[in-house]
Amino acid sequence: MDFHSNTLNQDLIRLVQALSARVKLPAIKQLILPQINIATDSKYTKFGLLLLEDNSSGFFYRLADVGDNTNQNLLTSLHAQADRLVGMDVATAAQWLDDENDLKIGIGMAAINAISQHVFTKIGYRPAGITPGHSHVERAKRSRHVGMVGYFAPIVKQLVELKIPLTVIELDPTLYQQRDQLTVTGDLTQLADTDYIICTASTLLNHSLEHILSHYANDRFFELIGPTCGCFADPLFARGVDLIGGSQVVDLAATRARIESGEPWSQAVDKFVIEADSYPEFPNLLVQLQQ
């Protein structure tokens with residue numbers, strides 16, 4: 013398939029449309045969200061889980077609060093939206109990835125993730141688990157200069173302690189700094205010298221990933237990581253992503269309880285990686301699904 017004549021979002025939607033034209037997809041069962049009156053302002057209150065009728069799932073994430081859209085106001089809007097999603101055609105919801113509304117974009121990405129996980133399960137494809145060879149630190153040790161899009165605090169701490177040159181691109185100016193071998197800036201051109209880039213999956217939601225990838229040659233190793241990146245990998249690999257790291261629910265009851273209370277749910281999921289050399293590619297997925 014040609015992945016260069018449309019935008020990234022359009023290509024992901026196109027795969028879903030090709031799939032839904034050939035096989036019946038399970039409808040949306042529920043969008044699991046934090047409770048509206050939740051007291052914590054933890055980052056986990058921004059996450060949800062879109063559940064399909066067969067319990068396939070995809071993580072939802074909403075972008076940062078803006079203006080008067082407080083956490084509670086946004087959760088109220090989301091809960092109202094969630095009620096309307098029950099029983100909806102998931103392929104229709106997937107088209108929202110190309111919308112202009114942040115909440116709809118998040119739901120659209122969650123729908124594509126859930127559809128992808130449904131297909132992976134149906135054909136018996138299980139992405140590889142995290143191994144020592146996939147360690148950010150180990151790969152960073154072999155790199156000359158690490159780049160990062162999005163401030164992953166635990167990884168930053170590890171690389172700083174190892175004195176590995178690191179440049180982080182971040183939207184939040186309160187994090188900007190320059191010390192020793194660490195630079196945190198909003199200037200994307202500062203990644204020009206890097207040979208290994210770790211990028212947040214939220215760039216899929218704010219439509220910046222394609223712009224970021226267009227800046228760099230393919231000789232850099234580019235990782236896209238985050239719970240909201242559990243989708244068909246073809247359009248990403250075609251644009252220069254080398255590895256996708258996501259999360260798959262293994263304990264639905266525990267994940268539900270922790271999302272609803274705004275607590276960390278990492279113990280209820282397995283992290284996985286999808287790499288180009290072991291990924292079956294969408295046309296093969298489609299053939300296997302129809303057998």
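Converting from the sequence shown to the numbering used here requires adding 12 to each position, the first position being numbered 1. For every residue, glycine included, the Cβ atom is placed at its ideal position computed from N, Cα and C.
According to DSSP, which residues form a beta bridge with residue i?
{"i": "I209", "result": "G159 and F234"}
{"i": "S259", "result": "K283"}
{"i": "Y228", "result": "DSSP, once it has assigned bridges, lists no residue as partnering Y228."}
{"i": "F244", "result": "Per DSSP, none; premise fails for F244."}
{"i": "G141", "result": "F284"}
{"i": "R191", "result": "L194"}
{"i": "I181", "result": "V161 and T197"}
{"i": "Q42", "result": "L63"}
{"i": "Y56", "result": "In DSSP, Y56 forms no bridge with anything."}
{"i": "F72", "result": "G60"}
Leaving out the 5 sequence neighbours to the left and right, which residues in its chain are closer than 7 Å to residue i when beta-carbon positions are compared?
{"i": "P276", "result": "Y56 and R270"}
{"i": "D53", "result": "N83"}
{"i": "I25", "result": "A106, Q107, L109 and D110"}
{"i": "S147", "result": "none"}
{"i": "P292", "result": "Y137"}
{"i": "K134", "result": "L301"}
{"i": "R232", "result": "T206, D207, Y208 and I209"}
{"i": "V78", "result": "Here V78 scores only 48 on pLDDT, less than 50, and its place in the model should not be relied on; the value that follows carries that caveat. Around V78: no qualifying Cβ."}
{"i": "K58", "result": "Y73 and R74"}
{"i": "S220", "result": "none"}
{"i": "Q170", "result": "V149"}
{"i": "L63", "result": "K41, Q42, I44 and S69"}
{"i": "I216", "result": "The sequence given here has Leu at residue 216, not Ile. The residues are M121, T240 and C241."}
Write down the C-beta distance between residue i and residue j rounded to the nearest angstrom, noting that I regard them as a contact closer than 8 Å.
{"i": "Q302", "j": "Q129", "result": "Going by Cβ atoms, the distance from Q302 to Q129 rounds to 18 Å, so no, they are not a contact pair."}
{"i": "Y5", "j": "R151", "result": "For residue 5 there is no data in the structure shown, the boundaries of the chain being 13 and 303."}
{"i": "N218", "j": "L75", "result": "6 Å"}
{"i": "G198", "j": "E222", "result": "With a Cβ gap of about 18 Å, G198 and E222 do not count as contacting."}
{"i": "S214", "j": "G274", "result": "Their Cβ separation, rounded to whole angstroms, is 18 Å, which puts S214 and G274 out of contact at 8 Å."}
{"i": "L31", "j": "L298", "result": "7 Å"}
{"i": "E235", "j": "P46", "result": "With a Cβ gap of about 28 Å, E235 and P46 do not count as contacting."}
{"i": "M160", "j": "I224", "result": "Their Cβ separation, rounded to whole angstroms, is 11 Å, which puts M160 and I224 out of contact at 8 Å."}
{"i": "P247", "j": "D101", "result": "Contact doesn't hold; Cβ gap of about 22 Å is too wide."}
{"i": "V28", "j": "I167", "result": "Not a contact, Cβ separation roughly 32 Å."}
{"i": "N67", "j": "C243", "result": "Actually they are not in contact, since the Cβ atoms of N67 and C243 sit about 18 Å apart, beyond 8 Å."}
Leaving aside the five residues before and after residue i along the sequence, list all residues of the same chain whose C-beta is less than 8 Å from its C-beta, in chain order.
{"i": "H227", "result": "L200, T201, L203 and A204"}
{"i": "N49", "result": "Q84"}
{"i": "L174", "result": "V149, A152 and K153"}
{"i": "W108", "result": "K116, I117, I119, G120 and A123"}
{"i": "Q193", "result": "V172, K175, I176, P177 and L178"}
{"i": "T195", "result": "L178, T179, V180, Q189 and Q202"}
{"i": "L90", "result": "L43, L45, G60, R74 and L115"}
{"i": "F249", "result": "A288 and Y291"}
Tell me which residues share the same chain as residue i and place their Cβ nearer than 6 Å to its Cβ, disregarding the 5 neighbours each side in the sequence.
{"i": "L97", "result": "I40 and L43"}
{"i": "D239", "result": "The residue asked about is misnamed: residue 239 is Pro in this sequence, not Asp. Closer than 6 Å at Cβ, skipping near neighbours: F71 and S259."}
{"i": "D282", "result": "Q260 and V262"}
{"i": "A266", "result": "A280"}
{"i": "A245", "result": "I256, I286 and Y291"}
{"i": "G99", "result": "A39"}
{"i": "T88", "result": "I48"}
{"i": "C241", "result": "A213, I256 and G258"}
{"i": "R156", "result": "D207"}
{"i": "F132", "result": "none"}
Would residue i pass as an interface residue toward chain B - the criterion being a Cβ-Cβ separation below 8 Å?
{"i": "L90", "result": "Among the chains in the structure shown there is no chain B, since it carries only a single protein chain."}
Any contact between the region 237-256 and the region 96-115? By contact I mean 3 or more CB pairs, one from each, below 8 Å. The way I'd put it, the region 237-256 doesn't touch the region 96-115; fewer than three beta-carbon pairs between them come closer than 8 Å.
Could you tell me whether the region 16-36 touches the region 275-293, using the rule of 3 or more Cβ pairs below 8 Å? Judged by Cβ distances under 8 Å, the region 16-36 makes no contact with the region 275-293, as fewer than three pairs qualify.
At 4 residues or longer, and completely inside the region 94-122: list those alpha helix (DSSP H) runs for me, N to C. Taken in chain order, the whole alpha helix (DSSP H) runs of length 4 or more contained in the region 94-122 are 102-106.
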